[in-house]
Amino acid sequence: ANGSNSDSERTALNGEVKQLQKELDRISNTTTFGGRKLLDGSFGVASFQVGSAANEIISVGIDEMSAESLNGTYFKADGGGAVTAATASGTVDIAIGITGGSAVNVKVDMKGNETAEQAAAKIAAAVNDANVGIGAFTDGAQISYVSKASADGTTSAVSGVAITDTGSTGAGTAAGTTTFTEA
656 ANGSNSDSER TALNGEVKQL QKELDRISNT TTFGGRKLLD GSFGVASFQV GSAANEIISV
716 GIDEMSAESL NGTYFKADGG GAVTAATASG TVDIAIGITG GSAVNVKVDM KGNETAEQAA
776 AKIAAAVNDA NVGIGAFTDG AQISYVSKAS ADGTTSAVSG VAITDTGSTG AGTAAGTTTF
836 TEA
């Protein structure tokens, strides 16, 4: 919770979210075309002839679109940390641990004149551009992370993030390894 909403406003907002979830379920259960339900998960796969020759087809599959099936499990970082200003040019290495897979390494070059906020923004952008199931967010010079869940939904898809300054001292650094807990 934040300080911008009172308890009664948060209760009203929560009620609105629950109503929107019910509306998603209603749409999922009642949307039909040609007598077939499209969004309740029973549609399966349909093939459409799109060209004049045989085998010019497009197959389309539609999964369930209820509020529950669209809900995701995410994990937030217990950690993160502050980034310092880059006072010297160098490289910042980011090692992103992937649960059940190989780590992904991302490098960020610092010119040496970045403020702490600019260095944090560069690091967050590099993590997000890696597109490995982690979101990096900045608040000034602070970086925090959110990870999608693994395939079974029980653990974080990202096991940790380690950011180190491997170039000249002062290239901009952040806290060490972070761990993830269910949000």
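Sequential numbering from 656 applies to the sequence shown in the working numbering. Backbone N, C-alpha and C fix where the C-beta goes; we use that ideal spot for every residue, glycine too. From a predicted model like this one, the values you see are computed outputs, not experimental measurements.
{"Item": "Look at S702 and I717 and say whether their C-beta atoms are less than 9 Å apart.", "Value": "no"}
{"Item": "Pick out the complete beta strand (DSSP E) segments inside the stretch 683 to 758, 3 residues or longer, and give them in chain order.", "Value": "699 to 704, 712 to 717, 729 to 733 and 745 to 753"}
{"Item": "Between the beta-carbon of K762 and the beta-carbon of V747, is there less than 9 Å?", "Value": "yes"}
{"Item": "Does E769 pass the burial test, meaning 16 or more other C-beta atoms within 10 Å, or should it be called exposed?", "Value": "buried"}
{"Item": "Is L679 closer than 9 Å to A722 when the C-beta atoms are compared?", "Value": "yes"}
{"Item": "What does the alpha-carbon distance come out to for the pair N760 and G696?", "Value": "38 Å"}
{"Item": "Measure from the alpha carbon of F698 to the alpha carbon of each residue in S659, V715, Q676 and G706, then state which is nearest.", "Value": "V715"}
{"Item": "Just the Cα atoms here: how many angstroms apart are I751 and V801?", "Value": "12 Å"}
{"Item": "Taking only the alpha-carbon atoms, compute the straight-line gap between N669 and G690 and give it to the nearest angstrom.", "Value": "35 Å"}
{"Item": "For G745, count neighbouring C-beta atoms within 10 Å of its own C-beta (all shown protein chains included) and say buried if the count is 16 or more, exposed if not.", "Value": "buried"}
{"Item": "For V705, collect the residues of the same chain with a Cβ closer than 8 Å to its Cβ; drop the 5 residues on either side in sequence, then sort them by chain order.", "Value": "E711, I712 and I713"}
{"Item": "At a cut-off of 8 Å, would you count A740 as near the ligand COA, judging by its Cβ distance to the nearest heavy atom?", "Value": "The ligand COA is absent from the structure shown, which contains no ligands of any kind."}
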